[in-house]
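145 is the number of the first residue of the sequence shown in this note's numbering; add one for each residue after it.
Heads up: the structure comes next, in structure tokens.
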Amino acid sequence: MVTITGEITGVMETWPLQITLNVESEQYYVSLEEHTDVYRGSEPAAAGELSPGMQVKITGITSESETRLIAQSIEIL
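Right under this line is the structure:
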């Protein structure tokens, strides 16, 4: 498991939902799954609330390369 914090730079409304995230000038590609938990503070939120410009903290597992993740949980900061 890895945890990263950054700013959402794009949301691709495909299934599974995918977002791009800027973390210290590096671009990450993050896939959400049906069971990915999304929170705003301690309250559950919908994945549809994610939008460019939001700061988020993502915990997930790497896939293919170190800049591709499958999200287990996303916290909107």
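The beta-carbon is built from N, C-alpha and C at its ideal position, and this holds for glycine as well.
This structure is a prediction, so every number in the text was calculated from the model and none was measured.
In this structure, the straight-line span from the alpha carbon of residue 175 to that of residue 195 is close to 14 angstroms. Here the alpha carbon of residue 189 sits roughly 21 angstroms from the alpha carbon of residue 146. Secondary structure remark: continuous beta strand (DSSP E) runs of at least 3 residues inside the segment 151-202, in chain order: 162-167, 170-175, 181-184. At the C-beta level, residue 183 and residue 214 stay beyond 9 angstroms of one another. Distance from the CA of residue 173 to the CA of residue 186, rounded to the nearest whole angstrom, comes to 25 angstroms. Residue burial is scored here from C-beta neighbours: residue 205 has fewer than 16 other C-beta atoms within 10 angstroms and is therefore classed as exposed. Spatial neighbours of residue 211 in its own chain (CB-CB distance under 6 angstroms, excluding positions within 5 residues in sequence) are listed in chain order as 172. Proximity to residue 192 across 218, 208, 149 peaks at 218, based on C-alpha coordinates.
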